[in-house]
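Below: the structure, in structure tokens.
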Amino acid sequence: MASITGLTCKTFAPISLFLRSLRKSLPKNLVRNASAFTFHPQDPDKSLGETAKMNLFQSLTNAMDIALATDQTAVIFGEDVAFGGVFRCTVGLADKYGKDRVFNTPLCEQGIVGFGIGMASVGATAIAEIQFADYIYPAYDQIVNEAAKFRYRSGNQFNVGGLTVRSPWGAVGHGALYHSQSPEAAFASCPGLKVVIPRGPTQAKGLLLSCIRDRNPCIYFEPKVLYRAAVEEVPVQDYMIPLSQAEVILEGNDITLVGWGTQVHVLWEVAELAKEKLGVSCELIDLQTILPWDEETVVKSVQKTGRLLIAHEAPLTGGFAAEIASTIQEQCFLHLECPIQRVCGWDTPFPHIFEPFYLPDKWRCLEAIRKAVNY
Amino acid sequence: MALRSFCRCTLFLRHVRNVGIQTCPTISSRHTRLLSTSPIFRTDMAVPSDEDRPQFPGSKSTFTEKLEFLQPDSYDGIPVYRVMNRNGQVIDPTQDPGLDKDTIVKMYKTMTLLNTMDKILYESQRQGRISFYMTNYGEEGTHIGSAAALDPRDIVFGQYREAGVLLWRGFRIDEAMNQCYGNAGDTGKGRQMPVHYGSKELNFYTISSPLATQMPHASGAAYAIKRAGMDICVICYFGEGAASEGDAHAAFNFAATLDAPVIFFCRNNGYAISTPTKEQYRGDGIAIRGPAYGITTIRVDGNDVFAVYNVVKAARKLAVEENKPVLIEAMTYRVGHHSTSDDSSAYRSVDEVRYWDKEDHPIGRLRRYMLSKDYWDEDKEKEWMQETRKNILQEFAKAEKVKKPSPTEMMTDVYDSLPRSLEKQLEEMKQHVEQYKEHYPTDKYDEIHD
Ligand SMILES: Cc1ncc(C[n+]2csc(CCOP(=O)(O)OP(=O)(O)O)c2C)c(N)n1
Ligand SMILES: [Mg+2]
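Following this line, the structure appears as structure tokens:
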């Protein structure tokens, strides 16, 4: 890599040395402090046979590889996907399946989604990539007014069930306003769509294959901070995980914790901290599908625990936690021991240097649990 | 209709090439007539002409009885206007902008300052000192040539790879460093990623990462400026990749139909991250779109700082004096990686990069010109490079020591004043951080306050 910049830069070495001499040790990366989370790998499901070690982006590549191999109509496209994508999710697929099945598009999100809708409308399987969830908004009209309503407005004569839109999502430590957003709630009020967010490689593969094969347009958000950080033994065979089913990860008695994507790992650690520091037993639920969401699993859990905490990175106001909270108070009113707790991003744009203060980190979640049990 | 008009466009462009940077008077008047609701135009519409011309309101053209499709290659490529050849020799002396020695030396110094700043900040990102960086390698000519031709009051809407424009206007190294560090000296208050500069003082709007969104803003700002009767214009920089966005279309079409005094300056550097231009568009670059929108257009060698200067100067005159939008396509090459998140060896050859770095670099070209004029020599070069490096490293070291802004600044400026909901959230954050302070990097930030 240095070779290229080195071409214009004869003075590279001295600069580098000087910079190093500025401080003996590099400043500890500020942002990693409070926003740190520990990835909790999932044990491989033995019934699914042979496994291979994969990180999140590799398991997604693997899922798309299977999708292309098992469905001749399937194509993958978006900005920079041909060389493997800026997050390396499509590496090798253009070589394996050809440039007519894995290709770059011009730089235009509304075009990418609109094109995918057109392909899906004639029965093809369209896997579109939007480079960052923050850049999905130019395609919002196509997603909300077209993809989501294609079936309904035609009396089910037409549909675009073959469309899946994948997009990197969520905080990454240094992404600031436009490389960090979690816009799931913006799509949660679009009947006709399915919205899915995985937390790790094994689950990601099964959920992505379900989205690709589901007969409804799906938005699939990928926690970008997990692309490399999340490594698991992933079953190599073709398998799917049902949509609209939440997963109870930890069983507990005192409070239900609900999250999705990266936040599941934060809550996992919080559950451990709560046990250790407060003697509180937490039930942890990964919602997985935001729309249509699995009310039943959450209701059942809250009827048992009597308390609920929901956490997400997106701003508090109008976030999906609000939707869950309102449903749960309706369904579990007499079971609730305390107000439902929401720990979310503040009601501001996502800030660069303040990320450690912005995120619903483990200490904010732990404090909310303390409040809930002491209510 | 189209074939004729296209031929006329080509003629227009050929004419531009022949007369250099002056625009063709016939064409300008034709444009004015087309775009205005002048009496001539209305008469044209109302009275059926003897020649049996089509009367459709949507186009001005002629009838034909030949079934002939307009082919994308039925016209020549738009020529690239230049002043110097690759060796820095002026080809046609009438095209020499005639800048004085001081201005030329200042141009060179700003281009090399940018280049040195890029090297240092790029390397500092590699070391984990700043979180991100984007170099401007190879595109220095487009920045400095255009910035020098503008009035400092002209409003700049940039994409992100135009730091040279800011430096030309007097943006200080410490301001750039503070922004990249997101420290308490950053006027953007540490909220955005590095290179998202902005300066009210220098009439440079704050960079926004979403591509092409600034383009319709530029048209709107230009329109308002026209209405206010100000003798300035707006310049909007964008990449050839961003030009594929819907917003780019909106911007061109609005500027054309509303006669907005805006200069659309496309930096066509061959790539949008990994995507080469041949996968970005099939037509003759971005310039060819100009005539289709009814916009006066020119293509220029972006590695020729004098050519860029001439073109922007002339475009500015058209914008300010005739309230016209102008499209400039500056052909150049992105010598660096897209950003520190990118390794371009995955999609282009080192030889390709080496060619542009060694054989056709804007800095090299200007240096050769200056050497031939005796404006510059090896000693001056050495001294200047040493001085620049020293200054930048000093500012860098200073910026690294400055604390981050107070986390309170996370909540301000969302609205003009803090709404009750945020007041509450600020209080909650303050209390929480106080209670759990050992888990937050508070020592690296200014104190949280109300
Ligand atoms: C709406 C939007 N989509 C995608 C991106 C991601 N992105 C950032 S830069 C870039 C390429 C831009 O290329 P170009 O406009 O040619 O400018 P250059 O980087 O070559 O200067 C892309 C795809 C973005 N910032 N905004
Ligand atoms: Mg480009």
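Chains as they are written, first to last, in full-length UniProt numbering: chain W, 1 to 375; chain D, 1 to 450. Note that beta-carbon positions come from the ideal geometry of N, C-alpha and C, so glycine has one too.
Local Cβ density within 10 Å of Ala346(D), reported as buried at 16 or more and exposed below that: What you label residue 346(D) is simply residue 346 of the second sequence in a count that begins at 1. Label assigned to Ala346(D): exposed.
Lining residues of ligand 1 - beta-carbon closer than 5 angstroms to any non-hydrogen atom, in sequence order: Glu79(W), Gln131(W), Tyr135(W), Arg161(D), Ser209(D), Pro210(D), Leu211(D), Gly239(D), Glu240(D), Gly241(D), Ala242(D), Asn269(D), Ala272(D) and Ile273(D)
Inter-residue CB distance, Gln214(D) and Tyr223(D) (contact presumed, cutoff 8 angstroms): Here residue 214(D) refers to the residue found at position 214 of the second sequence. Here residue 223(D) refers to the residue found at position 223 of the second sequence. In fact, because the Cβ distance is near 15 angstroms, the residues do not count as touching under 8 angstroms.
Simplified DSSP state of Asp286(W), which is helix, strand or coil: One-based indexing of the first sequence puts residue 286(W) at position 286. Of the three classes helix, strand and coil, the one that applies to Asp286(W) here is strand, per DSSP.
Of the listed residues Ser131(D), Gly145(D), Arg86(D) and Gln125(D), nearest to Met107(D) (C-alpha basis): As a working mapping, residue 107(D) is identified with position 107 in the second sequence. When C-alpha distances from Met107(D) are compared across Ser131(D), Gly145(D), Arg86(D) and Gln125(D), the shortest belongs to Gly145(D).
Cut-off 6 angstroms between Cβ atoms - residues of its own chain near Ser274(D), not counting five sequence neighbours on either side: Here residue 274(D) is taken as the residue at index 274 of the second sequence, counted from 1. Closer than 6 angstroms at Cβ, skipping near neighbours: Tyr347.
Residues of the stretch 194 to 219 of chain D whose Cβ lies closer than 9 angstroms to any Cβ of chain W, in chain order: Pro194, His196, Ser208, Ser209, Pro210, Leu211, Ala212 and Thr213
Where His312(W) falls: helix, strand or coil (DSSP): Counting from one through the first sequence, the residue named residue 312(W) turns up at place 312. It is a strand residue.
Proximal chain D residues relative to Val195(W), where beta-carbon distance stays under 8 angstroms: For the purposes of this step, residue 195(W) is taken as the residue at position 195 of the first sequence. None at all; the shortest Cβ gap to chain D is about 21 angstroms.
Residue ranges of each alpha helix (DSSP H) within the stretch 318 to 403 of chain D, 4 or longer: 350 to 358, 362 to 372 and 378 to 401
For Trp169(W), the first and last residue of its enclosing beta strand (DSSP E): For the purposes of this step, residue 169(W) is taken as residue 169 along the first sequence, with counting starting at 1. Looking at the DSSP string, the run of the beta strand (DSSP E) that includes Trp169(W) is Leu163 to Trp169.
Local conformation of Tyr137(D) per DSSP, three classes: In the second sequence, the residue the question calls residue 137(D) occupies position 137. Residue state, collapsed to three classes: coil.
Minimum C-alpha distance to Ala314(W) - residue among Phe103(W), Leu68(W), Leu93(W) and Phe187(W): Locating residue 314(W) in the first sequence gives position 314, counting from the first residue. The shortest C-alpha separation from Ala314(W) is found at Phe187(W).
Proximal residues of chain D, C-beta to C-beta of Ser301(W) below 7 angstroms: Here the question's residue 301(W) lines up with position 301 in the first sequence. Within chain D, no residue comes near Ser301(W); the closest Cβ sits about 26 angstroms away, beyond 7 angstroms.
C-beta neighbour in chain D for Phe18(W), strict 8 angstroms: Against the first sequence, residue 18(W) aligns to sequence position 18. Judged by the 8 angstroms Cβ criterion, Phe18(W) is in contact with chain D.
Asn156(W), buried or exposed, once every other Cβ within 10 Å from all chains shown has been counted against 16: Residue mapping note: residue 156(W) aligns to position 156 of the first sequence, counting from 1. Answer is exposed; the Cβ neighbour count stays below 16.
Buried or exposed (CB count within 10 angstroms, at least 16 for buried), Ala372(W): Here residue 372(W) is taken as the residue at index 372 of the first sequence, counted from 1. Flag for Ala372(W) reads buried.
Distance CB(Asp154(D))-CB(Cys233(D)) smaller than 8 angstroms: Taking the second sequence and counting its residues from 1, one reaches residue 154(D) at position 154. Taking the second sequence and counting its residues from 1, one reaches residue 233(D) at position 233. Against a cut-off of 8 angstroms, the Cβ pair of Cys233(D) and Asp154(D) comes out as a contact.
Three-way DSSP call (helix, strand, coil) for Arg101(W) in this model: Here residue 101(W) refers to the residue found at position 101 of the first sequence. Three-state DSSP puts Arg101(W) in coil, outside helix and strand.
Arg334(D) Cβ short of 7 angstroms to ligand 3 heavy atom set: Questions concerning ligand 3 fall outside what the structure shown contains, since the ligands it does hold are ligand 1 and ligand 2.
Alpha carbon of Val305(D) to alpha carbon of Leu366(D), nearest angstrom: On the second sequence, residue 305(D) is found 305 positions in, with the first residue counted as 1. On the second sequence, residue 366(D) is found 366 positions in, with the first residue counted as 1. Rounded to the nearest angstrom, the two C-alpha atoms are 7 angstroms apart.
Chain W contacts made by the stretch 137 to 165 of chain D, where a contact means CB separation under 7 angstroms: Tyr137
Cβ contact check for the stretch 299 to 317 of chain D and the stretch 373 to 388 of chain D: 3 or more pairs under 8 angstroms: no
When Gly98(D), Ile104(D), Ser131(D) and Thr388(D) are compared against Gly141(D), the one with the closest alpha-carbon: On the second sequence, residue 141(D) is found 141 positions in, with the first residue counted as 1. Closest option to Gly141(D), judged by alpha-carbon separation, among Gly98(D), Ile104(D), Ser131(D) and Thr388(D): Ile104(D).
Closest residue to Pro198(W) among Val113(W), Ala230(W), Arg364(W) and Arg213(W) (Cα-Cα distance): Walking along the first sequence from the start, residue 198(W) turns up at place 198. Here the closest residue by C-alpha is Ala230(W).
Reference Phe333(W); option with closest CA among Val299(W), Tyr358(W) and Phe350(W): Locating residue 333(W) in the first sequence gives position 333, where the first residue counts as 1. Answer by Cα proximity: Val299(W).
Coarse secondary structure for Pro216(D), derived from DSSP in three states: On the second sequence, position 216 is the one that residue 216(D) refers to. Correct three-state label for Pro216(D): helix.
Residue ranges of each alpha helix (DSSP H) within the stretch 232 to 283 of chain D, 4 or longer: 246 to 257 and 277 to 280
Neighbouring residues, chain D, relative to Gln110(W) (Cβ below 9 angstroms): Counting from 1 along the first sequence, the entry for residue 110(W) is found at position 110. Per Cβ cutoff of 9 angstroms: Glu245 and Gly246.
Three-state class that DSSP yields for Gln341(W) in the structure shown: Indexing the first sequence from 1 puts residue 341(W) at position 341. In the structure shown, Gln341(W) sits in a strand (DSSP, three-state: E or B).
Segments assigned beta strand (DSSP E), at least 3 residues, entirely inside the stretch 60 to 109 of chain W: For the stretch 60 to 109 of chain W, whole beta strand (DSSP E) runs of length 3 or above, ordered along the chain, are 75 to 78 and 102 to 104.
Paired residues, beta bridge with Pro235(W) - DSSP: Within the first sequence, the letter at position 235 stands for residue 235(W). In the DSSP output, where bridge partners are listed per residue, Pro235(W) has Thr51(W).
Under 9 angstroms from the C-beta of Trp169(W): neighbouring residues of chain D: To locate residue 169(W), count along the first sequence from 1; it is residue 169. Those within 9 angstroms of Trp169(W) in chain D number zero; the least Cβ separation is about 16 angstroms.
Min CB distance Gly182(D) to chain W below 8 angstroms: As a working mapping, residue 182(D) is identified with position 182 in the second sequence. For Gly182(D), the answer is yes, since a Cβ of chain W falls inside 8 angstroms of its Cβ.
Element boundaries [alpha helix (DSSP H), containing Glu222(W)]: Taking the first residue of the first sequence as position 1, residue 222(W) is located at position 222. No alpha helix (DSSP H) holds Glu222(W); the beta strand (DSSP E) holding it covers Cys218 to Pro223.
Assigned exposure category for His263(W) - 16 Cβ within 10 Å defines buried: Mapped onto the first sequence, residue 263(W) falls at position 263. Correcting the residue identity first, residue 263(W) is Gln in this sequence and not His. Label assigned to Gln263(W): buried.
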